[in-house]
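Here is the structure we will look at, set down as structure tokens.
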Amino acid sequence: MPTPKPRAQSRPFCFSVKGQVKILRLALTVTSMTFFIIAQAPEPYIVITGFEVTVTFFSIFLYVVRLDRLVNCIFWPLLDVINSLVTAVFLITVSILALIPESTTYIVLGGVFGLVASLFCIADGALIYRKLLFNPSGPYQKSAVHDKLVV
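For the sequence shown, UniProt numbering begins at 1 and goes up steadily by one.
Now the structure itself:
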């Protein structure tokens, strides 16, 4: 009787480093948005953080359901890096604008959580970018000089 070959186990997205960073980023952005809502901050603060919460939630949902493997026409890592950098720019802008004027404690807390969330956005983008550099695919795959066959 032949022994079955062990299948390569892939870790679920939620337990990977990338998944943990995305979930923490989502939690921090939700916290920032909640503080902005409680403090009745200006509407752009709430709208921008709400939009970022929605985009991050759907990004996590996409990876949990494995739709990135199903839809091959989009290069998901590059889209994820661009999303992380755009999110970081928006969150840094909103957070600094919330911290500049002397306002309520909740607006300041929302700004602080927004800045921390933007740091995690940058970390998320850096993790994915690092994966792109160390794991190239396609025609841009690098090969070592000693791997070439000399005839």
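We put the CB at the ideal spot given by N, CA and C, even for glycine. Only a predicted model underlies this, so the values are computations on that prediction, with no experimental measurement involved.
Beta-carbon spacing of I128, V81 below 7 Å: yes
DSSP on F35, reduced to helix/strand/coil? helix
Three-state secondary structure assigned by DSSP to A41: coil
Go ahead and pull the three-state DSSP assignment for F13. helix
In the structure shown, what three-state DSSP assignment does P101 receive? coil
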